[in-house]
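Student: Line order of the protein sequences matches chains C and D.
My numbering applies: residue 11 is where the first sequence begins, and numbers increase by one.
My numbering applies: residue 63 is where the second sequence begins, and numbers increase by one.
Got a structure here, written out as structure tokens. Questions coming.
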Amino acid sequence: MPDNNGREQWGSKIGLILAVAGNAVGLGNFLRFPVQAAQKGGGAFMIPYFIFFLILGIPLMWIEWGIGRHGGRFNHGSAPGMFDVLWKHKLAKYFGTLGLFMSMVILIYYTYIESWTLGYSFFSLTGLYFDQTTADTMRNFLYSFQGREVGQHFTNLLPAYGLMLVTFGLNFWVLYKGISKGIEKLAKVALPLLIIFAAILAVRILFIGTPDPAMPENSVANGFAFIWNPNISLLSNPSIWLAAAGQIFFTLSVGMGTIHAYASYLKPKDDIALSGLTTASTNGFAEVVLGAAIAIPVAVAFFGLNETQAFAQGGAFDLGFVSMPLIFQKIPMGQLFGFLWFLLLFFAGITSSVAMGQPIIAFLEDEFGFSRKKAVGVVAIVVLIAVQFVVFYQKYGFLNEMDYWAGTFGLVVFALVETILFMWVFGADKAWKEMNEGGDFQIPRVFYYLMKFITPVVLFVLMIWWFIESAIPTLLLEGVEEVNKPYYWGSRTLMVVIFICLILLIRKAWQLRAKEENLNN
Amino acid sequence: MGLTTGGIIFLACAWGGMTTLTIYCFVKVIKSEKKESQSK
Chain C
11 MPDNNGREQW
21 GSKIGLILAV
31 AGNAVGLGNF
41 LRFPVQAAQK
51 GGGAFMIPYF
61 IFFLILGIPL
71 MWIEWGIGRH
81 GGRFNHGSAP
91 GMFDVLWKHK
101 LAKYFGTLGL
111 FMSMVILIYY
121 TYIESWTLGY
131 SFFSLTGLYF
141 DQTTADTMRN
151 FLYSFQGREV
161 GQHFTNLLPA
171 YGLMLVTFGL
181 NFWVLYKGIS
191 KGIEKLAKVA
201 LPLLIIFAAI
211 LAVRILFIGT
221 PDPAMPENSV
231 ANGFAFIWNP
241 NISLLSNPSI
251 WLAAAGQIFF
261 TLSVGMGTIH
271 AYASYLKPKD
281 DIALSGLTTA
291 STNGFAEVVL
301 GAAIAIPVAV
311 AFFGLNETQA
321 FAQGGAFDLG
331 FVSMPLIFQK
341 IPMGQLFGFL
351 WFLLLFFAGI
361 TSSVAMGQPI
371 IAFLEDEFGF
381 SRKKAVGVVA
391 IVVLIAVQFV
401 VFYQKYGFLN
411 EMDYWAGTFG
421 LVVFALVETI
431 LFMWVFGADK
441 AWKEMNEGGD
451 FQIPRVFYYL
461 MKFITPVVLF
471 VLMIWWFIES
481 AIPTLLLEGV
491 EEVNKPYYWG
501 SRTLMVVIFI
511 CLILLIRKAW
521 QLRAKEENLN
531 N
Chain D
63 MGLTTGGIIF
73 LACAWGGMTT
83 LTIYCFVKVI
93 KSEKKESQSK
């Protein structure tokens, strides 16, 4: 095999694309997108959605692939090292802390949510929740499983805790096997299966039609209409455009440091242009075609528009873990279809969560010389300690706080930092050359100007808007019950501790490097 | 309610666009992989 500085390599281009696409395709494709589209103007939402796909999503994809492959040349598989080679300043590596912090914090809570989908796939197959026939009892089933309430089937957290351990075990086993034998192999199995399961569900749902002839307005067709009928007048509302920008941002999993990590295992002349575009389009297909054809249309068919809107307002968990299980009880072979639904969500989740583990593992391997086994072991211990807080304090909002700062607001901050660093500090001409090096096609020149001028402005506006609209209220704990506030502060403390530890680790790594360089000289 | 003409147009364009782009990209990727393995 051609030398790649002794670094691991991807086995094939398809494997790499499936891995990065797996990182992007997640619960949001199947739960968040249809809700966003339905609530923000229906088909008209697709206008800002596609505009931001072009001026934000794809540029950021290429930027992150470019930064990643460039850093890999210098044996850096994580953001601190990558930023250090982009900008020869002692502070550069510390900006890269964000690329470790986001992915690590999200890994902690996202994997726990993923374990619910694994659990529910078993519950579907065994029919465990098939006696919960109303939204309230189904919600109680979910909450009792999560340890928030006592229910008919769950009186303690043991099943959820056990499933959490199994899910983390699977994640770390895949990460231990490495880039090609672990992550790539998982992606080559999970992503095609996920697409097949989603297609089966979408086709099944298309044939549901009108389940209750006495209520003809409750139909799959009206579900599609809810998502796609355009409300052009809403386009004059800036919040619709910001919602579209946000959706594009989240759906592509940019701003986490994970794409950089994967791209660092490319060879210097490997293509970025086509690979980046393919992963973006695969994610778009999973979202716009498959994601939009499942949860909302079938919910409207069985519950009608008003109740579906109520589920949508309740958030992704209500749609995924309350309305869908109720629906599976009402259709023939519902246990099988429920199994397919939750297994596809599990596959979508695990291909994303292994990506989130990779940056910190690569950091320990590349900057401290840890073996893969040692790096995975250390991360596993730290993450398993941190997830205890998520599991036991989930009902108090511990997870919500992490999801906001690392999984929402933090992403746009990191994306803005990296875009400015790559396109302005490193230099747009050098960045452009890097992104086009080895390309299977030359990126159209218009994207040079988009990446340099438009993408950073859009990110800046998004960041300021979210800061005013949600960061300040979140910081001030607006709407949080008094009894939950200590747990929100606990969540913040944990995140601050993680952030400081990462800064200290980066500092230590560079001190060791400087010492080594002095010894060699 | 039902899908309006506008809804059908948006759905068709979105589905058609995404599907076409995805297939096009994967075909190009497979072709470039074949080319690479032949040149080795």
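Glycine included, C-beta positions come from ideal geometry on N, C-alpha and C.
Using 10 angstroms around the beta-carbon of Asn-530 of chain C, count the other beta-carbons present and answer buried if the total reaches 16, otherwise exposed.
Tutor: What you label residue 530 of chain C is simply residue 520 of the first sequence in a count that begins at 1. Label assigned to Asn-530 of chain C: exposed.
Student: Compare the Cα-Cα distances from Ile-61 of chain C to each of C:Pro-369, C:Thr-484, C:Phe-457 and report the closest residue.
Tutor: The residue you call residue 61 of chain C lines up with position 51 of the first sequence. Of C:Pro-369, C:Thr-484, C:Phe-457, the residue nearest in Cα terms is C:Phe-457.
Student: Between Gly-137 of chain C and chain D, is any beta-carbon pair separated by less than 8 Å?
Tutor: On the first sequence, position 127 is the one that residue 137 of chain C refers to. Answer no: the Cβ-Cβ gap between Gly-137 of chain C and chain D never drops below 8 Å.
Student: Only counting the same chain, and skipping five residues up and downstream in sequence, which positions put a Cβ closer than 6 Å to that of Gln-452 of chain C?
Tutor: Taking the first residue of the first sequence as 1, we reach residue 452 of chain C at position 442. Only Asn-446 meet the Cβ criterion.
Student: Closest to Ala-197 of chain C by C-alpha separation, out of C:Gly-53, C:Ala-209, C:Ala-303, C:Asn-181, would be which residue?
Tutor: For the purposes of this step, residue 197 of chain C is taken as the residue at position 187 of the first sequence. Ala-197 of chain C has its Cα closest to that of C:Asn-181, out of C:Gly-53, C:Ala-209, C:Ala-303, C:Asn-181.
Student: Where do the N-terminal and C-terminal ends of the alpha helix (DSSP H) with Gly-157 of chain C fall, by residue?
Tutor: In the first sequence, the residue the question calls residue 157 of chain C occupies position 147. Careful: Gly-157 of chain C lies outside any alpha helix (DSSP H) and carries neither H nor E.
Student: Using the three-state DSSP reduction, which class does Gly-172 of chain C fall into: helix, strand or coil?
Tutor: Within the first sequence, the letter at position 162 stands for residue 172 of chain C. Three-state DSSP puts Gly-172 of chain C in a helix.
Student: In chain D, which residues lie less than 8 Å from Glu-227 of chain C when you measure between Cβ atoms?
Tutor: Taking the first sequence and counting its residues from 1, the one referred to as residue 227 of chain C is at position 217. The answer, in chain order, is Met-63.
Student: Looking at chain D, is there any beta carbon in it that lies within less than 8 Å of the beta carbon of Asn-239 of chain C?
Tutor: For the purposes of this step, residue 239 of chain C is taken as the residue at position 229 of the first sequence. Yes, contact with chain D.
Student: Quick check on this structure: which residue in C:Leu-108, C:Phe-111, C:Gly-407, C:Gly-78 has the alpha carbon closest to the alpha carbon of Val-95 of chain C?
Tutor: If you number the first sequence from 1, residue 95 of chain C lands on position 85. If we check each option's Cα against that of Val-95 of chain C, C:Gly-78 comes out closest.
Student: Determine, using beta-carbon pairs with one atom in the segment 233 to 247 of chain C and one in the segment 458 to 472 of chain C, whether at least three such pairs fall under 8 Å.
Tutor: With the cut-off at 8 Å, the segment 233 to 247 of chain C and the segment 458 to 472 of chain C do not touch.
Student: Any C-beta of chain D sitting closer than 8 Å to the C-beta of Ile-24 of chain C?
Tutor: Position 14 of the first sequence, counted from the first residue, corresponds to residue 24 of chain C. Ile-24 of chain C counts as touching chain D.
Student: Look at Leu-431 of chain C and Ile-65 of chain C and say whether their C-beta atoms are less than 8 Å apart.
Tutor: Position 421 of the first sequence, counted from the start, is the residue given in the question as residue 431 of chain C. Position 55 of the first sequence, counted from the start, is the residue given in the question as residue 65 of chain C. Cβ atoms of Leu-431 of chain C and Ile-65 of chain C: not closer than 8 Å.
Student: State the DSSP-derived secondary structure class of Leu-262 of chain C, mapped to helix, strand or coil.
Tutor: As a working note, residue 262 of chain C is residue 252 in the first sequence. In the structure shown, Leu-262 of chain C sits in coil (DSSP, three-state: anything other than H, G, I, E or B).
Student: Determine the chain D residues that contact Leu-287 of chain C at a beta-carbon separation under 7 Å, and present them in chain order.
Tutor: Residue 287 of chain C sits at position 277 when you count from the first residue of the first sequence. The contacting residues are Cys-87.
Student: Can you tell me whether DSSP reads Met-343 of chain C as helix, strand or coil?
Tutor: Along the first sequence, read from residue 1 onward, the residue named residue 343 of chain C stands at position 333. Three-state DSSP puts Met-343 of chain C in coil, outside helix and strand.
Student: Measuring alpha carbon to alpha carbon, tell me which residue in C:Val-422, C:Leu-522, C:Ala-326, C:Leu-203 is nearest Met-473 of chain C.
Tutor: For the purposes of this step, residue 473 of chain C is identified with residue 463 of the first sequence, where counting begins at 1. Answer by Cα proximity: C:Val-422.
Student: Take Gly-157 of chain C as the anchor and find which of C:Trp-126, C:Trp-183, C:Phe-178 has the nearest alpha-carbon.
Tutor: For this step, residue 157 of chain C is matched to residue 147 along the first sequence. Out of C:Trp-126, C:Trp-183, C:Phe-178, C:Trp-126 has the C-alpha closest to the C-alpha of Gly-157 of chain C.
Student: At the 8 Å Cβ level, is Ser-101 of chain D part of the contact set with chain C, yes or no?
Tutor: Locating residue 101 of chain D in the second sequence gives position 39, where the first residue counts as 1. With 8 Å as the cut-off, Ser-101 of chain D does not count as an interface residue toward chain C.
Student: Output the distance between the C-alpha atoms of Thr-81 of chain D and Leu-73 of chain D, rounded to the nearest integer angstrom.
Tutor: Against the second sequence, residue 81 of chain D aligns to sequence position 19. Against the second sequence, residue 73 of chain D aligns to sequence position 11. Cα-Cα distance, rounded: 12 Å.
Student: Kindly indicate which residue of C:Asp-450, C:Ile-370, C:Leu-336 has the alpha-carbon position closest to the one of Asp-141 of chain C.
Tutor: Within the first sequence, residue 141 of chain C is the residue found at index 131, counting from 1. Closest option to Asp-141 of chain C, Cα to Cα, is C:Leu-336.
Student: Inspect the beta-carbon positions of Met-112 of chain C and Ala-416 of chain C and report whether they are closer than 8 Å.
Tutor: Walking along the first sequence from the start, residue 112 of chain C turns up at place 102. Walking along the first sequence from the start, residue 416 of chain C turns up at place 406. Yes; because the gap between Cβ atoms is below 8 Å, this pair is in contact.
Student: By the criterion of Cβ-Cβ separation under 7 Å, what are the contact partners of Lys-90 of chain D in chain C?
Tutor: Taking the second sequence and counting its residues from 1, one reaches residue 90 of chain D at position 28. Neighbours of Lys-90 of chain D on chain C, chain order: Leu-284, Asp-450.
Student: Using 8 Å as the limit for Cβ to Cβ distance, is Ser-190 of chain C near chain D?
Tutor: One-based indexing of the first sequence puts residue 190 of chain C at position 180. Answer no: the Cβ-Cβ gap between Ser-190 of chain C and chain D never drops below 8 Å.
Student: How would you call His-270 of chain C, buried or exposed, if buried means at least 16 neighbouring beta carbons within 10 angstroms?
Tutor: To locate residue 270 of chain C, count along the first sequence from 1; it is residue 260. His-270 of chain C comes out buried.
Student: Under 8 Å Cβ to Cβ from Phe-63 of chain C, same chain only, skipping five residues before and after it: list those, please.
Tutor: Counting from one through the first sequence, the residue named residue 63 of chain C turns up at place 53. Hits under 8 Å: Ile-258, Ala-290, Gly-294.
Student: Going by the beta-carbon positions, is the gap between Ser-362 of chain C and Ser-263 of chain C smaller than 8 Å?
Tutor: Within the first sequence, residue 362 of chain C is the residue found at index 352, counting from 1. Within the first sequence, residue 263 of chain C is the residue found at index 253, counting from 1. Cβ atoms of Ser-362 of chain C and Ser-263 of chain C: closer than 8 Å.
Student: Would you decide whether Val-160 of chain C is buried or exposed? Buried here means 16 or more other CB atoms lie within 10 Å of its CB.
Tutor: To locate residue 160 of chain C, count along the first sequence from 1; it is residue 150. Classification for Val-160 of chain C: exposed.
Student: Report the neighbours of Gly-294 of chain C on chain A: residues whose CB is nearer than 8 Å to its CB, in chain order.
Tutor: Among the chains of the structure shown, chain A does not appear; the protein chains present are C and D.
Student: Determine, using beta carbons only, whether Gln-19 of chain C and Tyr-406 of chain C come nearer to each other than 8 Å.
Tutor: Position 9 of the first sequence, counted from the first residue, corresponds to residue 19 of chain C. Position 396 of the first sequence, counted from the first residue, corresponds to residue 406 of chain C. No, these two residues do not count as a Cβ contact at 8 Å.
Student: Any chance you could list the alpha helix (DSSP H) runs of at least 4 consecutive residues sitting entirely within the segment 458 to 496 of chain C, in chain order?
Tutor: Listed in chain order, the complete alpha helix (DSSP H) runs (minimum 4 residues) inside the segment 458 to 496 of chain C are 465 to 476, 482 to 485.
Student: Measure from the C-beta of Phe-234 of chain C to each C-beta in chain D and report whether the shortest distance is under 8 Å.
Tutor: In the first sequence, residue 234 of chain C corresponds to position 224, counting from 1. Yes, its Cβ sits closer than 8 Å to a Cβ of chain D.
Student: Within 10 angstroms of its Cβ, does Asp-439 of chain C collect 16 or more other Cβ (buried), or is it exposed?
Tutor: Translated into positions along the first sequence, residue 439 of chain C becomes position 429. Asp-439 of chain C comes out exposed.
Student: For the segment 37 to 54 of chain C, which residues have a beta carbon sitting closer than 8 Å to at least one beta carbon of chain D?
Tutor: Here the close residues are Gly-52, Gly-53, Ala-54.
Student: Contact check, Val-332 of chain C vs Met-148 of chain C under 8 Å by CB: the rounded distance?
Tutor: To locate residue 332 of chain C, count along the first sequence from 1; it is residue 322. To locate residue 148 of chain C, count along the first sequence from 1; it is residue 138. Yes, Val-332 of chain C and Met-148 of chain C are in contact; Cβ-Cβ is about 5 Å, under 8 Å.
Student: Quick one: give me the first and last residue of the alpha helix (DSSP H) that Val-299 of chain C is part of.
Tutor: The sequence position of residue 299 of chain C within the first sequence is 289, counting from 1. Taken as a continuous stretch (DSSP letters only), Val-299 of chain C belongs to no alpha helix (DSSP H), as it is neither H nor E.
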